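Here the sequence shown is numbered in this note's numbering, starting from -18 and rising by one per residue. In this text, a Cβ means the ideal position worked out from N, Cα and C, and glycines have one as well. Remember, predicted model here, so these are calculated numbers, not experimental data. Report on the following structure.
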Amino acid sequence: MAALFLFLLALTSPLALASDPSPLQDFCVADEMSPVFVNGFVCKDPKLAAADDFFFSGLDKPGNTMNPVGSKVTAVNVAQIAGLNTLGISLARIDFAPNGLNPPHTHPRATEILVVLEGVLLVGFVTSNPDNKLFAKALNKGDVFVFPEGLIHFQFNSGAMPAVALSGLSSQNPGVITIANAVFGSKPPISDEVLAKAFQLDKKTVDWLQAQFWMSNS
Ligand code: MN
């Protein structure tokens, strides 16, 4: 009986959700005051929704790239626009100093589509195991590139001038895992024995890496 139930459940369940769940109403402006935890945020009373719930200002302003990697991500997601709740979409501006890098990272919940507004970028993503194939491309102003959901990717300013890109992301809350920060900068640290084995390094090198100041650019 239980097996039959599971079989029927498997037949009737969607195989996968490709992005945030589809909304069941026009909008669901996040009620940040609600003490209730749901997948996303509780809706505030739609009668109280206003234009400002769907508004953000300031994406014309460059992010501060004075940091070790020389890039800055300015995210515009549900944390900045409460009206994005349940809509499965968000935006980011990425500023690059000359030779600035948005280091290898993944978005656990979003595909990213990027357009270069100024400058030149070397971008790429790597497929999952076992191939780990790199798809890389040199981009110029006006060029667009896609980073599929969950895959490790990067953007590097290969030019002598600052660069600017805009990215659309297929989640109200894409999430970011910056690989180096997560692996070598976790709190508390991952055992150096584990990392030495994983990266085929001696423990001293791992300890040195773990002692670096791992700062997120987003
Ligand atoms: Mn990204």
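Check	Outcome
How is Asn198 classed by DSSP in three states: helix, strand or coil?	coil
Rounded to a whole number of angstroms, what is the C-alpha to C-alpha distance between Asn80 and Ser148?	19 Å
Can the beta-carbon of Ile133 be found less than 8 Å from the beta-carbon of Pro89?	no
Ala105 by DSSP, collapsed to three states: which one?	At residue 105 the sequence reads Gly, which differs from the Ala that was named. Three-state DSSP puts Gly105 in a strand.
Which residue from Phe77, Phe180, Ser109 and Leu29 puts its Cα closest to that of Ala146?	Phe77
Which same chain residues, not among the five before or five after Gln191, have their C-beta less than 6 Å away from its C-beta?	Phe165 and Pro170
Within 8 Å, do at least three Cβ pairs link the region 42 to 55 to the region 14 to 21?	no
Is Val101 near Ala32, with beta carbons less than 8 Å apart?	no
Pop quiz: Leu29 and Gln153 are said to be a contact at Cβ under 8 Å. What is the actual Cβ separation, rounded to whole angstroms?	Contact doesn't hold; Cβ gap of about 19 Å is too wide.
For Asp76, which residues does DSSP report across the bridge?	Lys53 and Val145
When DSSP labels each residue in this structure, what does Asn162 get in the three-state scheme?	helix
Starting from the Cα of Phe135, find the closest Cα among Asn198, Pro27, Val23 and Lys168 and give me that residue.	Asn198
Between which two residues does the beta strand (DSSP E) harbouring Glu99 extend?	Glu93 to Glu99
Alpha carbon to alpha carbon, how far is Leu72 from Leu150?	6 Å
Exposed or buried, which one is Pro155 when buried takes at least 16 other CB atoms within 10 Å?	buried
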